[in-house]
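Undergrad: Numbering (our numbering), first residue to last: 6 to 121. Beta carbons are placed, not taken as given, at the ideal position from N, Cα and C, and that holds for glycine. Bear in mind that the values here come from a model prediction, so they are computed numbers and not experimental data.
1) Quick one: what's residue 64 bridged to in DSSP?
2) Helix, strand or coil: how does DSSP classify residue 45 here?
3) Check for me: the beta strand (DSSP E) holding residue 22 runs from which residue to which?
4) Compute the Euclidean distance between the alpha carbons of residue 35 and residue 18, then round it to the nearest angstrom.
5) Only counting the same chain, and skipping five residues up and downstream in sequence, which positions put a Cβ closer than 7 angstroms to that of residue 69?
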């Protein structure tokens with residue numbers, strides 16, 4: 006039995022019970038409508054995709070920190086390209102906020118690893 010799980014575009018959770026076959030196991034809205042219904046993975050992908058595999062082994066904090074650093078780099082590039090003082094302040098502040106949040110996420114990850 007496979008235990009891979011996927012989130013669809015509505016946030017519902019599908020669990021693969023055999024290769025290529027999935028069962029609706031949780032609804033994002035908390036209701037039990039259609040829970041337990043089965044379908045092929047391809048059909049669910051086509052009707053409710055994109056599907057995102059739920060990977061508990063992936064540290065979402067690290068991924069998000071990387072995205073925030075990329076966004077901060079983009080804000081810094083915009084900062085360098087503008088001649089408007091007010092825009093410079095905004096882009097500089099945005100870059101600072103993104104960098105700070107990325108740093109916080111990395112620190113939380115390190116704390117989690119130390120306590121494990």
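TA: Well, looking at it:
1) The secondary-structure analysis by DSSP pairs residue 64 with nothing; it has no beta-bridge partner.
2) Three-state result, residue 45: strand.
3) Element bounds for residue 22: 18-23.
4) Cα to Cα, residue 35 sits roughly 11 angstroms from residue 18.
5) Around residue 69: 110.
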